[in-house]
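Residue numbers (our numbering): 2 to 145.
Reading through the structure tokens given below for one structure.
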Amino acid sequence: MKHDEKKASCLYSVIAIAVVLLMFLYLFTGCKTVESVPSVEYVKEYIDRYCTDTLLVYVSDSTTIEKNGDSTTVTKSKSRDTYRGKTRIDTVKVTKYVKEPYRVEVEKKLSKYEEISLKVGMWLIPILAILVVIAICRFVYKRK
Numbered sequence: 002m003k004h005d006e007k008k009a010s011c012l013y014s015v016i017a018i019a020v021v022l023l024m025f026l027y028l029f030t031g032c033k034t035v036e037s038v039p040s041v042e043y044v045k046e047y048i049d050r051y052c053t054d055t056l057l058v059y060v061s062d063s064t065t066i067e068k069n070g071d072s073t074t075v076t077k078s079k080s081r082d083t084y085r086g087k088t089r090i091d092t093v094k095v096t097k098y099v100k101e102p103y104r105v106e107v108e109k110k111l112s113k114y115e116e117i118s119l120k121v122g123m124w125l126i127p128i129l130a131i132l133v134v135i136a137i138c139r140f141v142y143k144r145k
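Right, here's the structure in full:
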């Protein structure tokens, strides 16, 4: 009978160790992953270019009257001064798109199996913990 008790106590201790290891491994599971998501950043620049055109026209008018004895000579010449200045402004709009990735924490949606296992685990872990405590207590009290 003592041999059977040793087998049972050894089996309880192996089960308790396995349950503790499974609970410890359960702590390292998760649903969150970190991904790099590219974002678009807009950079706007306005470049102004001034272009000046100038047109100058000088035309002169003059009238000269010369008298030589009985004869009179009239000489006419025209003079015209024209100044035309034109300034043209060209504005060029430049838009640059700069993509800089930034890290975002993305949480996956749980599948039906994962949701069910999560709900079952919420009930199963305390039950298994209670069973481990009972097994350890039985093992300790049987040794005395």
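Note that CB positions come from ideal geometry on N, CA and C, so glycine has one too.
If we count the other Cβ atoms within 10 Å of its Cβ and call it buried at 16 or more, is Val133 buried or exposed? Answer is buried; the Cβ neighbour count reaches 16.
In terms of residues, what are the limits of the alpha helix (DSSP H) holding Lys120? Note, Lys120: alpha helix (DSSP H), 113 to 144.
Does Leu28 come out as helix, strand or coil in the three-state DSSP assignment? In the structure shown, Leu28 sits in coil (DSSP, three-state: anything other than H, G, I, E or B).
Would you say Ala136 and Tyr27 are within 8 Å of each other, going by their C-beta atoms? At least 8 Å separates the beta-carbon of Ala136 from that of Tyr27.
Residue of Tyr59, Phe140, Gly70, Tyr47 minimising C-alpha distance to Thr96: It is Tyr47.
Starting from the C-beta of Thr88, find all residues in its chain whose C-beta is less than 6 Å away, skip the five residues before and the five after it, and write them out in chain order. Answer for Thr88: Thr53, listed in chain order.
Rounded C-alpha distance that separates Lys7 from Glu116: About 40 Å.
Give the DSSP-derived three-state secondary structure of Lys109 in the structure shown. Annotated three-state conformation of Lys109 is coil, per DSSP.
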